[in-house]
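Protein chains in written order, with our numbering: chain A, 1 to 119; chain B, 120 to 238; chain C, 239 to 341; chain D, 342 to 444; chain E, 445 to 574; chain F, 575 to 704. Yeah, the Cβ is synthetic: ideal placement off N, Cα and C, and Gly gets one too.
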Amino acid sequence: MKFSILIKQGPFTHQASDSAYHFTVAALASGHEIFRVFFYNDGVYNSNRLSEPQTDDRNLVSLWSKLAAEHEIDLVVCIAAAQRRGVKEEILEQGFRISGLGQLVEAGIEADRTIVFGD
Amino acid sequence: MKFSILIKQGPFTHQASDSAYHFTVAALASGHEIFRVFFYNDGVYNSNRLSEPQTDDRNLVSLWSKLAAEHEIDLVVCIAAAQRRGVKEEILEQGFRISGLGQLVEAGIEADRTIVFGD
Amino acid sequence: MNRILHIVNKSPTDRRAFDTCFRMAKAEDSILLIEDGVYAAVANAGFASEVNKRLDDFSFYVLGPDVAARGLGDISLIDGIEVVDYKGFVDLVAENDVTQSWL
Amino acid sequence: MNRILHIVNKSPTDRRAFDTCFRMAKAEDSILLIEDGVYAAVANAGFASEVNKRLDDFSFYVLGPDVAARGLGDISLIDGIEVVDYKGFVDLVAENDVTQSWL
Amino acid sequence: MEPWEEEEGPEVVKHFMYVNRRAPYGTIFAHECLEVVLISAAFEQDVSVAFMDDGVYQLKKNQDTTGIGMKNFSKTYRALDDYDVEKIYVEKESLDARGLTADDLIIPVEVVSTQAMRDLLGQQDVVISS
Amino acid sequence: MEPWEEEEGPEVVKHFMYVNRRAPYGTIFAHECLEVVLISAAFEQDVSVAFMDDGVYQLKKNQDTTGIGMKNFSKTYRALDDYDVEKIYVEKESLDARGLTADDLIIPVEVVSTQAMRDLLGQQDVVISS
Chain A
1 MKFSILIKQG PFTHQASDSA YHFTVAALAS GHEIFRVFFY NDGVYNSNRL
51 SEPQTDDRNL VSLWSKLAAE HEIDLVVCIA AAQRRGVKEE ILEQGFRISG
101 LGQLVEAGIE ADRTIVFGD
Chain B
120 MKFSILIKQG PFTHQASDSA YHFTVAALAS GHEIFRVFFY NDGVYNSNRL
170 SEPQTDDRNL VSLWSKLAAE HEIDLVVCIA AAQRRGVKEE ILEQGFRISG
220 LGQLVEAGIE ADRTIVFGD
Chain C
239 MNRILHIVNK SPTDRRAFDT CFRMAKAEDS ILLIEDGVYA AVANAGFASE
289 VNKRLDDFSF YVLGPDVAAR GLGDISLIDG IEVVDYKGFV DLVAENDVTQ
339 SWL
Chain D
342 MNRILHIVNK SPTDRRAFDT CFRMAKAEDS ILLIEDGVYA AVANAGFASE
392 VNKRLDDFSF YVLGPDVAAR GLGDISLIDG IEVVDYKGFV DLVAENDVTQ
442 SWL
Chain E
445 MEPWEEEEGP EVVKHFMYVN RRAPYGTIFA HECLEVVLIS AAFEQDVSVA
495 FMDDGVYQLK KNQDTTGIGM KNFSKTYRAL DDYDVEKIYV EKESLDARGL
545 TADDLIIPVE VVSTQAMRDL LGQQDVVISS
Chain F
575 MEPWEEEEGP EVVKHFMYVN RRAPYGTIFA HECLEVVLIS AAFEQDVSVA
625 FMDDGVYQLK KNQDTTGIGM KNFSKTYRAL DDYDVEKIYV EKESLDARGL
675 TADDLIIPVE VVSTQAMRDL LGQQDVVISS
């Protein structure tokens, strides 16, 4: 089955991105396909490559980036939400791309299921 | 009277930074002194100079920066909260400085009143 | 005992911050409604009874700019809640000994 | 009618998401508790009665990793709520027609 | 050519519902959800917008944000009609609990019972909560 | 030399209270508040930490975060004693509503009535809510 994921919160402050990550890993392990992960609202902060958590904490930015590289997952950061929050190409982690909100709607159309993670 | 302000949310997602800004402007207009504005939790995002809201929306990053320049306000961004969220010197707006959590405690000691804005 | 200015910025129909604020406030304290907390000041809303029965216990204030932003300028607010602007907010902070934000 | 997987990630003692979830869910729907929503599964908590009286109406699930993280692994959860892991979460999404997150 | 622009083959029209349960201004969720709804109108899907709980406050008439310095986006709801987004549902119970009626709202909406809203939810393929 | 390190002149000792009302892990507020409390211990002020509402869940024993990949910071509460932060108050009503007792908590605390917590709040100079 094809899943699309919407993430509405940044790393750390809310568990949303953590839950979405573990869900995505489990979905892939079960043989499902991830059509797209779309980052909206504060979710755009998940793509900030300057993020540097303590060494004994998880690093969601690099976890998403590595997962995308391993499984060719499309990680899309909403341009409108990113611009106002100051997430620009110059601080974007590898594996993420910035694009329009239409990509979220397309993700909903193309996937069999869309799951929203937020606060 | 001397006030210290604690801001726990970033710009846009919650009204906390807006409310704190208007409170600060009003306090200065009433002749009070602002000892320090401390940015903690997601509040550290208020110092990201890459933030670029739509032209008909307010820009809290530059509003805080200008207010600080006009009234010599000490804007302190928590280093621990900023590191994990990827707010570094290289994207720091003028007028903000990154320092330790002790600055928040000191702000509480030195000011007559400490007011918390968050979610 | 220090006089406390309790600040509530949560809608009473979304979060339970008001429950705790009312439980923890003491007779001489003041309660200021800001941001989404201003919905608690609407006279016709279901939550109004919770505020009405405490009007004699605490001094209630509501932030006018937040009322206007939410389109509540044209409907009745609870009698006995004083509308203040940001300057009034500052005055309340100065007049009380300490502030507590019920986030 | 599409079968809905309702996902609740809010503590029942902080937010009112459960009220609306219970109001909007229909008989054949499933309700999955994740993140701070898992506190609704505690058998001895005050909110348990709200869940208990709906056990016949909906299928309830709770995410085990979130239960363990919060230290609830050593206390009784409500009988009739099935504990699932992330793989079980994925299966629930696939088995139902659509998901609704009550944020 | 993007998939949704295909003119041949079976047209897949999905039922999308955007669920609004937050008050405006206190958080940005109302504003950013409206931006998604406007974009979604271009995709020729079946789009519904639901307002319940504090979400009904988003539609309150006479919002005036000059005092808080934020953008008043409430007038943008009027553009929904121009974008052919016509299925706008407001739960009656949520209005009642807040002392509001349809007359208090900035646009014409369909006020529905809890039962009707529940049925509408059951007809969707994609539900995006804000 | 920083102001709080002065050894001469009148010592100003203020009463600080950190108020915890959020559950752990769902949001970072519990974790980041604990970081402030630990720092504040160095300032020789009168420090209290209060737990009420869902904040009491922060102290629940046997937290195991391996399944969610987040850092288990609950053991750090045990360090409060080493930092001479000894005024730790938990509201009884909040414990009761959640079916918990002091035995369920990771550290010894003072369980207080609502009235006692109200009185403690009234003795503070600075209240930091998390």
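Item                                                                                                                                         : Value
Minimum length 3: unbroken beta strand (DSSP E) runs contained in the segment 208-232 of chain B                                             : 215-218
Neighbourhood of residue 330 of chain C by C-beta distance below 8 Å, restricted to the same chain and skipping five residues each side      : 243, 268, 270, 299 and 322
Inter-residue Cα distance where the pair is residue 81 of chain A and residue 495 of chain E                                                 : 22 Å
CB contact check: residue 251 of chain C to chain D, cutoff 8 Å                                                                              : yes
Coil, strand or helix - residue 445 of chain E by DSSP                                                                                       : With a pLDDT of only 49 at residue 445 of chain E, under the threshold of 50, the placement of this residue in the model should not be trusted, and no figure is reported.
Inter-stretch contact (C-beta, 8 Å, three-pair minimum) for the segment 187-205 of chain B and the segment 635-655 of chain F                : no
Per DSSP, cross-strand counterpart(s) of residue 620 of chain F                                                                              : F:589
Assumed close pair residue 234 of chain B, residue 337 of chain C - CB separation to whole angstroms, cut-off 8 Å                            : 5 Å
Terminal residues of the beta strand (DSSP E) in which residue 531 of chain E lies                                                           : 531-535
One or two residues paired with residue 703 of chain F in a DSSP bridge                                                                      : F:593
C-alpha distance - residue 348 of chain D paired with residue 245 of chain C, whole-angstrom precision                                       : 31 Å
Counted within 10 angstroms of its Cβ, other Cβ atoms place residue 222 of chain B as buried (16 or more) or exposed                         : buried
Spatial distance of residue 283 of chain C from residue 544 of chain E (CA atoms)                                                            : 8 Å
Where residue 268 of chain C meets chain B, residues with beta-carbon distance less than 9 Å                                                 : By Cβ distance, chain B contributes nothing, its closest Cβ being about 14 Å from residue 268 of chain C, past 9 Å.
Near-chain C residues of the segment 141-163 of chain B (beta-carbon distance less than 8 Å), N- to C-terminal order                         : 141, 142, 144, 145, 146, 148, 149 and 151
Coarse secondary structure for residue 48 of chain A, derived from DSSP in three states                                                      : strand
Within chain C, the residues that residue 123 of chain B reaches when beta carbons sit closer than 7 Å                                       : Within 7 Å Cβ-Cβ: nothing; residue 123 of chain B doesn't reach chain C, min ~11 Å.
Cβ-Cβ distance between residue 35 of chain A and residue 65 of chain A below 8 Å                                                             : no
Nearest to residue 420 of chain D (by Cα), restricted to the options D:384, D:398, D:406 and D:395                                           : D:384
Interface positions of the segment 495-506 of chain E facing chain H (Cβ-Cβ less than 7 Å), listed along the chain                           : This model lacks chain H altogether, as its protein chains are A, B, C, D, E and F.
8 Å contact criterion, which residue 180 of chain B and residue 209 of chain B should meet: CB distance rounded                              : About 15 Å; that fails the 8 Å criterion.
Contact check, residue 688 of chain F vs residue 667 of chain F, beta carbons under 8 Å                                                      : yes
Test: residue 514 of chain E CB closer than 8 Å to a CB of chain D                                                                           : no
Nearest-angstrom Cα separation, counted from residue 620 of chain F out to residue 655 of chain F                                            : 14 Å
Whole-Å CB distance - residue 527 of chain E paired with residue 485 of chain E, under 8 Å assumed                                           : 4 Å
Simplified DSSP state of residue 140 of chain B, which is helix, strand or coil                                                              : helix
Proximal residues of chain F, C-beta to C-beta of residue 313 of chain C below 9 Å                                                           : Per Cβ cutoff of 9 Å: no residues; residue 313 of chain C is ~30 Å from chain F at best.
7 Å CB neighbourhood of residue 286 of chain C in its chain, flanking five on each side removed                                              : 280 and 316
Chain-order list of residues whose beta-carbon lies under 7 Å from that of residue 44 of chain A (same chain, five-residue window excluded)  : 77, 78, 81, 82, 85 and 87
CB contact below 8 Å: residue 49 of chain A versus chain D                                                                                   : no
Beta-carbon contacts of residue 399 of chain D that lie in its chain and below 6 Å, excluding the five residues immediately before and after : 366, 370 and 372
Proximity to residue 462 of chain E [Cα-Cα], best of E:517, E:475, E:516 and E:512                                                           : E:475
Counted within 10 angstroms of its Cβ, other Cβ atoms place residue 693 of chain F as buried (16 or more) or exposed                         : exposed
Residue 550 of chain E to residue 503 of chain E span [Cα, whole Å]                                                                          : 6 Å
Distance, residue 540 of chain E Cα to residue 479 of chain E Cα                                                                             : 27 Å
C-alpha distance - residue 105 of chain A paired with residue 339 of chain C, whole-angstrom precision                                       : 39 Å
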